[in-house]
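Visitor: Residue numbers (the working numbering): 1 to 109.
Just so it is clear, CB atoms sit at the ideal spot from N, CA and C, and this is done for glycine as well.
1) Please report how far the alpha carbon of residue 60 lies from the alpha carbon of residue 68, in whole angstroms.
2) Going by DSSP in three states, residue 95 sits in which element: helix, strand or coil?
3) Looking at residue 29 and the ligand SAH, is the gap between the Cβ and the nearest heavy atom below 7 Å?
4) Can you tell me the Cα-Cα spacing of residue 1 and residue 44, whole angstroms?
5) Whole angstroms are fine: how far does the CA of residue 96 sit from the CA of residue 20?
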């Protein structure tokens, strides 16, 4: 997404056949912020430390365009300059109000 604003995200549906893929949807928003994954560390009896993901990484978005409905798309991926790899697998979209949402991304270890 080079050349695009940090406040722009693109939703894509990536499937085995391009005939099954919906048109990408580009959203220009007021504010997009990245939240890294949250972890919990558990120490075992042998002293080893296990790290578990307790909250997936996400993009917090405000100022979504009027009429955006997360239930109307078949998106599997999200593209944004703010993501560490520039894109990620979209796990869910959690509405937070009329023009705000949390776009949850699959954690890549």
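Guide: On the basis of the coordinates in this document:
1) 15 Å
2) strand
3) For the ligand SAH, the structure offers nothing, since it holds no ligand at all.
4) Any reading at residue 1 must be qualified, since the residue scores a pLDDT of 44, below 50, and its modelled position is unreliable; the value itself is stated next. If you take the alpha carbons of residue 1 and residue 44, they lie about 43 Å apart.
5) 29 Å
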